[in-house]
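Chemist: Got a structure for you, written out below as structure tokens; questions coming shortly.
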Amino acid sequence: MPDHPDPALLEQLKDHLRVYAETGIDGFNPEAVRGARRLAAAARGESKSRARRTEQPAPSTQTSLFAESLPESVRDSSLEEIRDDLGDCQRCKLCQDRTHIVFGADNPRARLVFVGEGPGVEEDRQGLPFVGRAGQLLTKMIEAIQMRRDEVYICNVVKCRPPGNRTPQEDEIAACSPFLLRQLAVLKPEVICCLGLTAAQTLLQVRTPIGQLRGKIHSFQGAQLVATYHPAYLLRNPPAKRQVWEDLKRIRSLLSSP
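Residue numbers (our numbering): 278 to 535.
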């Protein structure tokens with residue numbers, strides 16, 4: 278590739294890739310869009326903001342999409358109204374293989390909300406979040422901070438199971454995230470715990486790895502947000518439980534503070 282690529286060609290490539298991403302064409306690689314954006318930005322001489330973007334990575338495409346789609350009346354919504362608006366959702370391709378939409382469950386007046394990535398096999402079968410092996414571990418995590426499941430609220434970024442439990446794709450997150458944001462606006466929790474990379478990056482609108490996001494307290498629309506590893510990751514990597522315990526203690530401390 279030339280040292281100084283043609284800005285016009287890069288803009289055309291970026292536009293084509295954006296169309297592919299927003300229409301959900303299979304085989305699309307999101308990294309290609311991000312690469313094109315970086316090259317185009319460099320060609321336009323935007324390197325002066327590079328240091329700032331390193332500290333606060335640029336928002337992904339899906340975050341701007343779902344932010345723009347939130348209704349003005351969101352503060353007056355209820356969870357029941359949001360579920361009714363979701364309906365028999367056909368907004369992305371995840372609807373093709375699902376058994377049930379997994380909206381969210383447990384206490385609608387919870388001070389603590391857990392946000393995961395998406396439903397698994399058991400969740401899809403029962404229509405409830407975190408009821409499989411990872412859900413059993415989450416229950417133990419909740420009990421470890423002297424709480425019960427019926428005292429918290431649990432939901433996911435996407436409401437339908439991705440095939441093979443793969444990571445949700447950008448168009449799927451863009452279609453579903455408005456409902457997650459509306460849920461959180463209605464719930465008004467004091468603390469949000471993001472379980473895994475997808476939840477943390479979606480709410481914080483960053484590309485930072487989960488290992489760098491955890492161990493800190495972030496802010497999200499008036500709530501304090503803690504990111505930690507997903508229970509499914511802990512099932513595969515038991516040594517990480519020590520780090521998650523530190524995150525859980527941080528959550529307990531936040532809930533105990535005036």
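Note that beta-carbon positions come from the ideal geometry of N, C-alpha and C, so glycine has one too.
Per DSSP, which residues does V468 bridge with? Please list them.
Modeler: V468 pairs with L389, Q501.
Chemist: Assess, as a yes-or-no matter, whether the region 520 to 532 is touched by the region 412 to 422 under the definition of 3 or more beta carbon pairs within less than 8 Å.
Modeler: The answer is yes - the region 520 to 532 touches the region 412 to 422, with three or more Cβ pairs under 8 Å.
Chemist: Helix, strand or coil for Y430, going by three-state DSSP, please let me know.
Modeler: Looking at Y430 - three-state DSSP - the assignment turns out to be strand.
Chemist: Is S496 buried or exposed, if buried means 16 or more other CB atoms sit within 10 Å of its CB?
Modeler: Per the 10 Å Cβ criterion, exposed.
Chemist: Would you identify the three-state DSSP class for S496, choosing helix, strand or coil?
Modeler: Note: S496 maps to strand in three-state DSSP.
Chemist: Based on Cα-Cα distance, which residue from V521, I450, L512, R410 lies nearest to A476?
Modeler: Ranking V521, I450, L512, R410 by Cα distance to A476 puts I450 first.
Chemist: Starting from the C-beta of V408, find all residues in its chain whose C-beta is less than 7 Å away, skip the five residues before and the five after it, and write them out in chain order.
Modeler: Once the five neighbours on either side are set aside, the close Cβ partners of V408 are E399, E400.
Chemist: Over what stretch of residues does the alpha helix (DSSP H) that includes M418 continue unbroken?
Modeler: 410 to 421 is the extent of the alpha helix (DSSP H) around M418.
Chemist: Below 8 Å on the Cβ atoms is my guess for G393 versus G488; work out the distance and round it to an integer in Å.
Modeler: Contact flag wrong, Cβ pair sits at about 18 Å.
Chemist: In terms of DSSP beta bridges, what is A382 paired with?
Modeler: For A382, which the question treats as bridged, DSSP gives the partners I431.
Chemist: To the nearest angstrom, how far is it from the Cα of R330 to the Cα of L490?
Modeler: Note on R330: pLDDT 36, under 50, position unreliable in the model; no value is reported.
Chemist: Tell me where the alpha helix (DSSP H) around G397 begins and ends.
Modeler: Unbroken run through G397: none, as it is neither H nor E.
Chemist: Does V408 come within less than 7 Å of chain C when only Cβ atoms are used?
Modeler: As a matter of chain content, chain C is missing from the structure shown, which is built from one protein chain.
Chemist: To the nearest angstrom, how far is it from the Cα of R360 to the Cα of Q498?
Modeler: Using only the alpha carbons, I get a separation of about 21 Å.
Chemist: Can you find the residues in the same chain that come closer than 7 Å, C-beta to C-beta, to P445, ignoring five residues on each side of it along the sequence?
Modeler: Here the set comprises E394, G395, V434, V435, P439, T475.
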